[in-house]
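Undergrad:
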Amino acid sequence: MFGDIFSILVPVFVCVGIGYGWSKSGRAFDTPMVTTIVTYFGTPCLVFYALAKVELDTSHLWNMGLAALWANLAFAVIGAVALAIFKLPQRAFLQALTWPNVGNVGLPLCLLAFGQEGLALAIAFFTVYVVLQMTIGVAFVSGSFSPKSILKMPIIPATLLASLFLFSDLEVPVWLFNTTKLIGDLTIPLMLFTLGVSLASLKMGSLKTAVWLSVLRLGMGFGVGVALVALMGLSGPAAGVVILECAMPAAVFCYLFAQLYDQRPEEVAGLVIVSTFMGFAALPALLWYVL
Numbered sequence: 223m224f225g226d227i228f229s230i231l232v233p234v235f236v237c238v239g240i241g242y243g244w245s246k247s248g249r250a251f252d253t254p255m256v257t258t259i260v261t262y263f264g265t266p267c268l269v270f271y272a273l274a275k276v277e278l279d280t281s282h283l284w285n286m287g288l289a290a291l292w293a294n295l296a297f298a299v300i301g302a303v304a305l306a307i308f309k310l311p312q313r314a315f316l317q318a319l320t321w322p323n324v325g326n327v328g329l330p331l332c333l334l335a336f337g338q339e340g341l342a343l344a345i346a347f348f349t350v351y352v353v354l355q356m357t358i359g360v361a362f363v364s365g366s367f368s369p370k371s372i373l374k375m376p377i378i379p380a381t382l383l384a385s386l387f388l389f390s391d392l393e394v395p396v397w398l399f400n401t402t403k404l405i406g407d408l409t410i411p412l413m414l415f416t417l418g419v420s421l422a423s424l425k426m427g428s429l430k431t432a433v434w435l436s437v438l439r440l441g442m443g444f445g446v447g448v449a450l451v452a453l454m455g456l457s458g459p460a461a462g463v464v465i466l467e468c469a470m471p472a473a474v475f476c477y478l479f480a481q482l483y484d485q486r487p488e489e490v491a492g493l494v495i496v497s498t499f500m501g502f503a504a505l506p507a508l509l510w511y512v513l
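According to our numbering, the sequence shown is numbered sequentially starting from 223.
(1) How would you write the range of the alpha helix (DSSP H) that Ser281 sits in, first residue to last?
(2) For the 8 Å Cβ check, are there 3 or more pairs between the stretch 425-433 and the stretch 239-253?
(3) Can you check whether the CB of Gly418 is closer than 9 Å to the CB of Gly248?
(4) By alpha-carbon positions, which one of Ala422, Gln481, Val352 and Pro395 ends up nearest to Ala314?
(5) Taking the alpha carbon of Ala449 as the point to measure from, which residue in Gly492, Leu354, Ala289 and Leu273 has its own alpha carbon closest?
(6) DSSP on Pro322, reduced to helix/strand/coil?
(7) Kindly indicate which three-state DSSP category Lys473 falls into: helix, strand or coil?
(8) Select from Phe479, Gly462 and Pro322 the residue whose C-alpha is nearest the C-alpha of Gly501.
(9) Going by the beta-carbon positions, is the gap between Pro233 and Leu334 smaller than 9 Å?
(10) Can you confirm whether the stretch 438-455 touches the stretch 258-273 when touching is taken to mean that 3 or more C-beta pairs between the two stretches lie within less than 8 Å?
(11) If you draw a straight line from the alpha carbon of Ile307 to that of Gly406, how long is it in whole angstroms?
(12) Is Glu467 near Ala293, with beta carbons less than 9 Å apart?
(13) By alpha-carbon positions, which one of Leu388, Thr349 and Ala472 ends up nearest to Leu278?
(14) Taking the alpha carbon of Ala384 as the point to measure from, which residue in Phe399, Pro330 and Ile495 has its own alpha carbon closest?
(15) Just reading off the alpha helix (DSSP H) that Val494 is part of, what are its end residues?
(16) What is the DSSP secondary structure of Leu383, reduced to helix, strand or coil?
(17) Are there 16 or more other CB atoms within 10 angstroms of the CB of Leu435, so buried, or fewer, so exposed?
(18) Quick one: measure Cβ to Cβ for Leu305 and Leu295, integer angstroms, because I've assumed they're closer than 8 Å.
(19) In its own chain, which residues sit with a C-beta less than 6 Å from the C-beta of Tyr351, not counting the 5 before and 5 after it?
(20) Less than 7 Å between C-beta atoms, sequence neighbours within five positions excluded: which residues of the same chain meet that for Ile300?
(21) Can you have a look at Ala346 and say buried or exposed, based on whether 16 or more other CB atoms are within 10 angstroms of its CB?
(22) Which of the three DSSP states is assigned to Arg439 in this structure?
(23) Measure the alpha-carbon distance for Lys374 versus Gly462 and round it to whole angstroms.
(24) Tell me whether the beta-carbon of Ser420 lies closer than 9 Å to the beta-carbon of Val496.
(25) Keeping to the same chain, check which residues put their C-beta closer than 8 Å to that of Lys425; ignore five residues upstream and five downstream.
(26) Measuring alpha carbon to alpha carbon, tell me which residue in Glu393, Leu331, Ser281 and Pro311 is nearest Leu514.
(27) Taking the alpha helix (DSSP H) that Ile358 belongs to, which residues open and close that run?
(28) Does the Cβ of Val236 have 16 or more other Cβ atoms within 10 Å, making it buried, or fewer, making it exposed?
Spelled out as structure tokens, the structure:
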């Protein structure tokens, strides 16, 4: 068991560490460009090739999407109540409590822990979360909502195209699969490098607030994940993916939104940093639980 956990964690830590060390050494890293490549090319290709040819009962993918919706609702309710009790601003902190890092950290962990099946399940969870984050999440932080934002997400057409092959007898052309796999395989390493760079460059505010909110994010995530697995009757890789994704630290995007809309960005950055390091410290125990 220890060897399995070690082999899962090392690639993740090494990739994040490279990004962190790269930034701390003062070398240039064009985060906006890399983020654009990942968002508009890498992630859609990853979603397509992982879903289009997966040998998996489609009901499992639907369950992942449903679990993502229920998790999002549970996090929002619990987070809103906690913030109200401690009199902290909802628009600044609720997004960071509600949106775990299901992409940069969650996807590689699920891939390494459960193989291609785990990746496909995690992508179904991730896709629903991305749509929610980029619509409801942005609307909540900014105070406005544009339906056009959904149409601008490259992940949507990629998911629809993958569904066409997934739910029909059509075969994915070899050239299309090879092309999307070649591009999509860039995504996870770039996500991890970028996470390391981001962690090295963020400046955090109140440590006390960051610590207790981080404990809430991680504890709530694990608890909700375990509850969903029990309520939905999930088992095997599906159960592991839901628990892992729910228990991830706060997403870096939460800081970017807080900075863009001036919602206490340094304090949100503190939550992202502390929850990430606390989450990484808890990963061996978390993996032991789900494996």
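Ideal Cβ placement from N, Cα and C applies to all residues, glycine included. These figures come from a predicted structure and were not determined experimentally.
TA: The relevant details are as follows:
(1) Thr280 to Ile307
(2) no
(3) no
(4) Gln481
(5) Ala289
(6) strand
(7) Position check: residue 473 holds Ala in this sequence, whereas Lys was assumed. In this structure, Ala473 counts as coil in the three-state DSSP scheme.
(8) Pro322
(9) yes
(10) no
(11) 43 Å
(12) yes
(13) Leu388
(14) Phe399
(15) Pro487 to Val512
(16) helix
(17) buried
(18) At roughly 16 Å, the Cβ-Cβ gap does not stay under 8 Å, so Leu305 and Leu295 are not in contact.
(19) Ala290 and Val324
(20) Met442
(21) buried
(22) helix
(23) 31 Å
(24) no
(25) Glu488 and Ala491
(26) With the chain covering 223 to 513 only, the question about residue 514 has no answer from this structure.
(27) No alpha helix (DSSP H) holds Ile358; DSSP gives it neither H nor E.
(28) exposed
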